[in-house]
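Quick notes on the structure that follows.
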Amino acid sequence: MPRLLKTEQRHLLLEFFHERFGMDQGHFDPFDIFAFSRQAFLFRRQDKALDWPASSFVRCGLPFVRNVAGYLKPTTVFVQRFGNLATKNVLDMEMEQVGQLCSNGEIILSALPASLDTGYVIIKMQQHYLGIGLLLEGNRLLCRFPKAMREAISRLTPG
Amino acid sequence: MNLSPQTKHPFITKLYEYQELIPDFEGLIDHLYRPMPVYFRINTIKTGVDEAKNFLRQEGVEFQDTIIPELIKVVHHNHKRPLLSYHLGYIYPQALSSCMPVLALDPRPGEMVLDMCAAPGGKATYIAQRMEDTGFVVANDRKRGRITSLLANVKRLGITNTLVTQARGEHLDLPYKFDKVLVDAPCSGQGKYRIDPVSGTLKHVVKGKTDLSAIQKALIKRAFDTLKPGGILVYSTCTLSVEENEEVVDFLLNRRRAKLLALELPIDFSPGITQFKGKKYNEQLELTGRFYPHRIDSVGFFVAKIAKDGTEAPAS
């Protein structure tokens, strides 16, 4: 069974999203956060989920963030749903650029907005929040989209 | 229409048993030779209807609007593999008639809803969407393999209000009761059958010899017992079989204080059957709905809306 994060753990997690992406913690007031294995889940708050018999419980809520090699990495589905709450470390890219990123797995960005720091960034194309990229020193951006989605983007942006 | 020898499947023989009951029966036989149209439901949890339509156009999808604002009928698209819209969780491929059980259930924000046979999640995720991703949805299914697709769809569509469980619906152990319950029961799937116009063989045939009617009766009874007083149960299948539809609902009406409610749905349907092969069923069954493939250009469906203890729907 997943465990409900205590107030302090919840605060630490949401503080990360506030610091890294400028997401106001208040946006997540209607949700509980559950931890299971190395992943946290965002679940619409009500008092019933934990009463469910463990024998048939499979999962509750939306995968939210996971621990990857000691770093917190937001999930693609979380970014697609809640990326619009981010006010920093959001990279707005042209379709052609996103296509290159997906085809090659990484690109070197020629210029970066000042609001971007190295680490995980949210990638946006037009008004669509696509997923996560990893920005490294030297303006190197690594694609962290799921493979099937990368293929779908590559098909949409041939060449 | 004369059916080719290869189509002498028991289903075809069985279908002729309904000849007198199904309006424009020849039209139904003709329709079996046509490909099933594709519909996309737009997931308004993640995007707006217009926004998704614009993106689909960018992806080269041609479509028409339907009577349901969030459902579009695909006229043409070149992609053999899932679209980016699919990976972004903007769309769920869902038949027009498959939306009807959810519209009949009419889930509202803040309610507690159980989908007893939920995988792969088309109706459970539509329920969550109609509830604006609030309240509480329990999406249950029996088989581990099917749970995987249910989990993937709940995740892809960005849903936060759903608990996924794995248990036999008829033995579901519940710590609480629900406002609304959907039983989209496992069935013979006759409403999905197609005849390959080239080979003449029947496609989408469900294999196995399980006593479906017995399972369906156990499911509907258990589902009814999980409702709060005044709660609403919707029972649906994608088959034309009277034994799997009216007879199952009749079974419930004979064993519980259940009352059928009239369906108010946006597409054409025929009333349920009250007499078949010498058997008489409860007169209330006229309030159930039969959605015939040739009348709606979609999968054949059966929908019954049932209230507990004869009361009306709970106040929302």
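Order-wise, the sequence lines are chains C and G.
Taking my numbering, I'd label the letters of the first sequence as residues 52 to 210.
Taking my numbering, I'd label the letters of the second sequence as residues 2 to 317.
C-beta atoms are modelled at their ideal positions from N, C-alpha and C, and glycine is treated no differently.
Residues that DSSP places opposite residue 94/G in a beta bridge = Along the second sequence, one-based indexing puts residue 94/G at 93. DSSP lists 41/G as partners of residue 94/G.
For residue 99/C, go through chain G and note every residue whose CB falls closer than 9 Å to its CB, in chain order. Position 48 of the first sequence, counted from the start, is the residue given in the question as residue 99/C. Going along chain G in sequence order, the residues near residue 99/C (Cβ under 9 Å) are 113, 137, 139, 164, 176 and 177.
Exercise for review: Starting from the Cα of residue 204/G, find the closest Cα among 267/G, 33/G, 279/G and 24/G and give me that residue.
Suggested key: Stepping through the second sequence from its first residue, residue 204/G is reached at position 203. Among 267/G, 33/G, 279/G and 24/G, the Cα nearest to that of residue 204/G belongs to 33/G.
Using the rule of at least 16 other Cβ atoms within 10 Å of the residue's Cβ for burial, across every protein chain shown, is residue 179/C buried or exposed? Here the question's residue 179/C lines up with position 128 in the first sequence. That one is buried.
So which of 76/C, 165/C and 57/C has the shortest CA-CA distance to residue 66/C? In the first sequence, counting from the first residue as 1, residue 66/C sits at position 15. Answer by Cα proximity: 76/C.
- Task: Following the continuous beta strand (DSSP E) through residue 117/C, name the residue where it begins and the one where it ends.
- Result: One-based indexing of the first sequence puts residue 117/C at position 66. Residue 117/C -> beta strand (DSSP E) spans 113-119.
Minimum Cβ-Cβ distance from residue 157/G to chain C less than 8 Å
As a first step, residue 157/G must be located in the second sequence, where it is residue number 156. Cβ-Cβ to chain C under 8 Å: yes for residue 157/G.
- Query: Which class does residue 56/C belong to by DSSP, given the choice of helix, strand or coil?
  - Reply: In the first sequence, residue 56/C corresponds to position 5, counting from 1. In this structure, residue 56/C counts as coil in the three-state DSSP scheme.
- prompt: With distances taken between CB atoms, is the gap from residue 194/G to residue 12/G smaller than 8 Å?
  reply: To locate residue 194/G, count along the second sequence from 1; it is residue 193. To locate residue 12/G, count along the second sequence from 1; it is residue 11. Yes; because the gap between Cβ atoms is below 8 Å, this pair is in contact.
Out of 156/C, 162/C and 132/C, state which residue places its alpha-carbon closest to the alpha-carbon of residue 47/C.
Absent from the structure is residue 47/C, since the part of chain C shown begins at 52 and ends at 210.
key: Neighbourhood of residue 19/G by C-beta, 6 Å cutoff - its chain only, sequence neighbours within 5 removed   = Here residue 19/G corresponds to residue number 18 of the second sequence, with the count starting at 1. So the list is empty, once near-sequence residues are dropped.
query: What in chain C is Cβ-close to residue 45/G, meaning under 7 Å?
result: Here residue 45/G refers to the residue found at position 44 of the second sequence. Result: empty, since nearest Cβ-Cβ is about 12 Å, beyond 7 Å.
(message) I need the straight-line Cα distance from residue 148/C to residue 172/C, nearest angstrom please.
(response) Looking up residue 148/C in the first sequence gives position 97. Looking up residue 172/C in the first sequence gives position 121. If you take the alpha carbons of residue 148/C and residue 172/C, they lie about 15 Å apart.
Self-check item: residue 180/C (DSSP reduced to helix, strand or coil)
Solution: Counting from 1 along the first sequence, the entry for residue 180/C is found at position 129. Three-state result, residue 180/C: strand.
**Asked** Using a beta-carbon distance cut-off of less than 9 Å, what residues from the segment 68-100 of chain C approach chain G?
**Response** 81, 82, 92, 93, 94, 95, 97, 99 and 100
Checklist entry - Taking the alpha-carbon positions, what's the residue 133/C to residue 265/G distance? => result As a working note, residue 133/C is residue 82 in the first sequence. As a working note, residue 265/G is residue 264 in the second sequence. Approximately 35 Å, taken between the alpha carbons.
query: Roughly how many whole angstroms lie between the Cα atoms of residue 115/C and residue 188/G?
result: Numbered from 1 along the first sequence, position 64 holds the residue referred to as residue 115/C. Numbered from 1 along the second sequence, position 187 holds the residue referred to as residue 188/G. So the alpha carbons of these two residues sit roughly 36 Å apart.
- In chain C, which residues lie less than 9 Å from residue 52/G when you measure between Cβ atoms? Within the second sequence, residue 52/G is the residue found at index 51, counting from 1. The answer, in chain order, is 178 and 179.
Can you name, in chain order, every residue of its own chain whose Cβ lies under 7 Å from the Cβ of residue 194/C, other than the five neighbours on each side? Counted from its first residue, the first sequence places residue 194/C at position 143. So the qualifying residues of the chain are 152, 153, 156, 157, 184 and 201.
Item to check | Beta-carbon proximity check, residue 299/G vs residue 98/G, cutoff 8 Å | outcome: Taking the first residue of the second sequence as position 1, residue 299/G is located at position 298. Taking the first residue of the second sequence as position 1, residue 98/G is located at position 97. Taking 8 Å as the Cβ cut-off, residue 299/G and residue 98/G qualify as a contacting pair.
Next on the checklist: Going by DSSP, what residue range makes up the beta strand (DSSP E) through residue 228/G?
Outcome noted: Counted from its first residue, the second sequence places residue 228/G at position 227. 228-238 is the extent of the beta strand (DSSP E) around residue 228/G.
task: Compute the distance between the beta-carbons of residue 159/G and residue 90/G, then report whether it is under 8 Å.
output: As a first step, residue 159/G is located in the second sequence; it is residue number 158 there, counting from the start. As a first step, residue 90/G is located in the second sequence; it is residue number 89 there, counting from the start. Going by C-beta atoms, residue 159/G is nearer than 8 Å to residue 90/G.
inquiry  = Below 7 Å on C-beta distance, what does residue 168/G contact in chain C?
reply    = Here residue 168/G refers to the residue found at position 167 of the second sequence. Chain C residues near residue 168/G: 107.
What does residue 170/C pair with, by DSSP beta-bridge criteria?
Position 119 of the first sequence, counted from the start, is the residue given in the question as residue 170/C. DSSP, once it has assigned bridges, lists 186/C as partnering residue 170/C.
Practice prompt. Kindly give me the distance between the Cβ atoms of residue 287/G and residue 223/G, rounded to whole angstroms, as I take these residues to be in contact under 8 Å.
Written response: As a position in the second sequence, residue 287/G is number 286, starting the count at 1. As a position in the second sequence, residue 223/G is number 222, starting the count at 1. With 8 Å as the limit, residue 287/G and residue 223/G do not qualify as a contact, their Cβ atoms being about 25 Å apart.
task = Give the DSSP-derived three-state secondary structure of residue 108/G in the structure shown.
result = Here residue 108/G refers to the residue found at position 107 when the second sequence is read from its first residue. Here residue 108/G sits in coil by DSSP.
At 8 Å on the CB atoms, spell out the chain G contacts of residue 203/C, in chain order. Taking the first sequence and counting its residues from 1, one reaches residue 203/C at position 152. Going along chain G in sequence order, the residues near residue 203/C (Cβ under 8 Å) are 82, 83, 84, 85, 87 and 88.
Run through chain C and tell me which residues come within less than 7 Å of residue 161/G, C-beta to C-beta. By 1-based counting over the second sequence, the position of residue 161/G is 160. In chain order: 82, 93, 94, 95, 112 and 113.
Is it true that the CB of residue 138/G sits closer than 8 Å to the CB of residue 166/G? For this step, residue 166/G is matched to residue 165 along the second sequence. For this step, residue 138/G is matched to residue 137 along the second sequence. Not closer than 8 Å, so no.
List the DSSP bridge partners of residue 192/C. Mapped onto the first sequence, residue 192/C falls at position 141. Paired residue(s): 158/C and 186/C.
Query raised in the report: Residue ranges of each alpha helix (DSSP H) run of no fewer than 4 residues wholly in the segment 274-314 of chain G, ordered along the chain?
Result: 294-297
Who are the neighbours of residue 148/G on chain C, taking C-beta pairs under 8 Å? Taking the first residue of the second sequence as position 1, residue 148/G is located at position 147. Those within 8 Å of residue 148/G in chain C are 109.
For the candidate residues 122/G, 136/G and 174/G, whose alpha-carbon lies nearest to that of residue 149/G?
For the purposes of this step, residue 149/G is identified with residue 148 of the second sequence, where counting begins at 1. When only C-alpha atoms are compared, the closest one is 122/G.
| message | Contact defined as beta carbons within less than 8 Å: I believe residue 74/C pairs with residue 137/C. What is the distance between those atoms, to the nearest angstrom? | response | By one-based count along the first sequence, residue 74/C stands at place 23. By one-based count along the first sequence, residue 137/C stands at place 86. Indeed they touch by this definition, with Cβ atoms about 6 Å apart.
| query | Bridge partners of residue 166/G, per DSSP? | reply | Residue mapping note: residue 166/G aligns to position 165 of the second sequence, counting from 1. DSSP output for residue 166/G lists 108/C and 141/G as bridge partner(s).
* chain C contact residues for residue 60/G, given Cβ-Cβ distances below 7 Å -> Against the second sequence, residue 60/G aligns to sequence position 59. Going along chain C in sequence order, the residues near residue 60/G (Cβ under 7 Å) are 207.
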